[in-house]
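Trainee: Have a look at this one before I ask anything.
In our numbering, the protein residues as written are 1 to 181.
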């Protein structure tokens, strides 16, 4: 019982109540539309993972004088819900990351297509040179975008959120693809 008192402080108590709050799921669905930063998801995933692990490490049964207290079902319920929420936040992070990566791939592919054209006249040459200039000008912004996407996929990997290997590999190679362009 003493070891469970550390779960009694206000912040954790608020989050434990939220484990079964149906409104939290609605809030989570809205997060997918907001494009929250990776750090937000990293904090949430870390919290739920550490909560599940710390509950699993606690001794769930204890003899107290003449009473035997078995909180195994409670501990398993908390750990299970924490894992479920970790998976839900991971799903939202994955969905938003996939959208960002698709947008980045489309952006880079368009540039690749445009500069790969063989200019046949002066207008075509101007177009290709203009696109090269746009690539050069957008370099820092694109670099920040692909670094964010790469960090999102690293975060998904760190917390064992299931992502297709091809998708994860493509995210890991965004920097190479941009620098090749």
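Backbone N, C-alpha and C define an ideal beta-carbon position, used for all residues, glycine too.
What residue range is occupied by the uninterrupted alpha helix (DSSP H) comprising residue 79?
Mentor: 72-116
Trainee: Can you tell me where the alpha helix (DSSP H) holding residue 148 begins and where it ends?
Mentor: 139-158
Trainee: For residue 155, does the count of other Cβ atoms within 10 angstroms reach 16, so buried, or fall short, so exposed?
Mentor: buried
Trainee: So, residue 181 versus residue 107, is the Cβ gap smaller than 8 Å?
Mentor: no
Trainee: By the DSSP assignment, the alpha helix (DSSP H) with residue 27 in it spans what residues?
Mentor: 22-34
Trainee: Using a 10 Å radius around the Cβ and a threshold of 16 neighbouring Cβ atoms, would you call residue 116 buried or exposed?
Mentor: It counts as exposed.
Trainee: Going by DSSP in three states, residue 161 sits in which element: helix, strand or coil?
Mentor: coil
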